[in-house]
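To start, the structure under review is shown below, and the notes come after it.
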Amino acid sequence: MKSPLRKLLVFAISAIVLICPAQTFANKAPIEYYQDALDRLEKIESRNPALRVDIVRLREAITELYSYSDLTDPKDAEGNYEVPDLSRGSRLYDSCEGLRDDALKASLNKLVKDHSSYNYKEARKLMFGTVDNVNGMVECIYTGKKIKTSGIPSSSIMNAEHSWPQSKGAKGIAKTDLHHLFPCDSNANSRRGNSPFAYVSHPTWQEGGSKSDKASFEVRKEKRGDIARALFYFSVRYNMRIDSKQEQVLKEWHEQDPVDAYEKRRNDKIQNFQNNRNPFIDRPEFVGMIKDF
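Per this note's numbering, numbering through the sequence shown is continuous, rising by one, with the last residue being 297.
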């Protein structure tokens, strides 16, 4: 396809994807417009494989536009500062001792649910500037690529990965919960999309140890445990179910990539801002005490 025609087609696709949802579907939430746009792009890509590179860029642009919409409830954005004392003492999880399955999940939920929340811009500032910033460098959770930054970088380089996808329920204060947000190379972020985590045997894309076959996404060995524990936290904190197939994979990843010093320090940093912790980092054995997340 000649370049001018290609550019015209890309412009047309952009207009259709970004404008049509607002005209066609009334009274829909922003996240529904966003998901509809991604669905449209996926259909276009399946019918026109030659446009994949342009569609990936469009998907990234749409995600960036969506990221600027503050979907948090005003009262949620302020946060609930009437939180329990989650000091780093050994007695933090006393109420959970001897519990299993639903009883353990309920007890953990009480410990983590009343956290201080931030709007999306502030959450990203904290993530890029403090939580995941080591000596001025930030590393992509999936590829291991590092960039030098002290704040929110250009979205064409790196953005925020919602390990629990926004389209799958990470809305409101869940969208900005630092325990499941990670810095991510923009291309890798787009490749993952909202795909479930799984082992990938025949990747169509791979970088830094992570792989995608468009239907599933496999996290590199060094960080797969971090992702697993982030999803276990999210499930317990927001009472969201994890698909049984994905749960089995995540439990295996939890064992394959144990908690390390970096993850513990990250948990400490997040507590400083949110006033809650990821219990599956503090007490990894809790994962084996819950049959179904």
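For every residue, glycine included, the Cβ atom is placed at its ideal position computed from N, Cα and C.
Just so it is clear, the structure is predicted and the values come from calculations on it, not from any experiment.
Enclosing alpha helix (DSSP H) for residue i [first to last residue]
| i | result |
| --- | --- |
| Ser216 | Where Ser216 is concerned, there is no enclosing alpha helix (DSSP H), although the beta strand (DSSP E) it sits in stretches over 214-216. |
| Leu108 | 105-116 |
| Ile246 | Here Ile246 belongs to no alpha helix (DSSP H), and DSSP marks it neither H nor E. |
| Asp272 | 265-278 |
| Val240 | 228-242 |
| Ala192 | 190-196 |
| Pro283 | 283-286 |
Whole-number beta carbon distance between residue j and residue i, since they are thought to touch under 8 Å
| i | j | result |
| --- | --- | --- |
| Ser167 | Leu235 | 6 Å |
| Ser220 | Ala202 | 4 Å |
| Val135 | Arg281 | The pair is not a contact, with the Cβ atoms about 13 Å apart (cut-off 8 Å). |
| Leu130 | Phe277 | 6 Å |
| Met162 | Pro187 | 6 Å |
| Lys179 | Tyr124 | 6 Å |
| Val116 | Pro288 | Actually they do not touch by this definition, with Cβ atoms about 16 Å apart. |
| Lys149 | Gly140 | No, Lys149 and Gly140 are not in contact; Cβ-Cβ is about 15 Å, not under 8 Å. |
| Leu182 | Glu165 | Not confirmed; about 12 Å, so no contact. |
| Ser159 | Asn198 | Not quite, the Cβ-Cβ distance comes to about 18 Å (not below 8 Å), so this is no contact. |
| Ile246 | Phe297 | 4 Å |
Cβ-based neighbour list, residue i, same chain, cut-off 7 Å, excluding 5 preceding and 5 following
| i | result |
| --- | --- |
| Lys109 | Val240, Ile294 |
| Thr298 | Limits of the chain in this structure are 5 at one end and 297 at the other, which puts residue 298 out of reach. |
| Cys144 | Met162, Pro187, Cys188, Asp189, Ala192 |
| Lys127 | For the sequence presented, residue 127 should be read as Ala rather than Lys. Same-chain partners within the cutoff: Thr180, Leu182, Leu185. |
| Pro157 | Phe132, Ile151 |
| Ile285 | Arg233, Val263, Glu267, Lys268, Asn271 |
| Val274 | At residue 274 the sequence reads Ile, which differs from the Val that was named. Taken in chain order, the residues that qualify are Val135, Leu182, His183. |
| Ser111 | Ser99, Cys100, Leu103 |
8 Å Cβ shell around residue i - same chain, five flanking residues per side excluded
| i | result |
| --- | --- |
| Asp261 | Lys225, Glu226, Lys227, Arg228, Gly229, Asp230, Ala232 |
| Gly173 | Tyr242, Met244 |
| Lys249 | Pro200, Ala202 |
| His206 | Asp217 |
Beta-carbon proximity list for residue i, same chain, < 6 Å, skipping 5 on both sides
| i | result |
| --- | --- |
| Glu256 | none |
| Tyr72 | Residue confidence for Tyr72 is low, a pLDDT of 45 falling below 50, so the modelled location carries little weight; the figure read from the coordinates is stated next. Taken in chain order, the list of residues that qualify is empty. |
| Asn137 | none |
| Arg92 | Low per-residue confidence applies at Arg92: pLDDT is 49, beneath 50, and the placement is therefore not dependable, though the value from the model is reported in the following sentence. Nothing listed; no residue qualifies. |
| Arg196 | Phe221 |
| Pro169 | Asn198 |
Where the beta strand (DSSP E) through residue i begins and ends
| i | result |
| --- | --- |
| Glu211 | 209-211 |
Burial state of residue i, where buried means 16 or more other Cβ atoms lie within 10 Å
| i | result |
| --- | --- |
| His258 | buried |
| Val253 | buried |
| Glu49 | buried |
| Ala265 | exposed |
| Asp216 | Here residue 216 is Ser; the residue named in the question, Asp, does not match the sequence. Buried, because 16 or more other Cβ atoms sit within 10 Å of the Cβ of Ser216. |
| Asn279 | buried |
| Glu251 | buried |
| Asp105 | exposed |
| Asp98 | exposed |
| Asp58 | buried |
| Glu107 | The sequence as given places Ala at residue 107; Glu does not occur at that position. Result: exposed. |
| Ser194 | buried |
| Pro78 | Since pLDDT at Pro78 reaches only 32, below the 50 mark, its modelled position is unreliable, and no value is offered. |
| Gly292 | exposed |
Any chance you could list the alpha helix (DSSP H) runs of at least 4 consecutive residues sitting entirely within the segment 122-184, in chain order? 124-130
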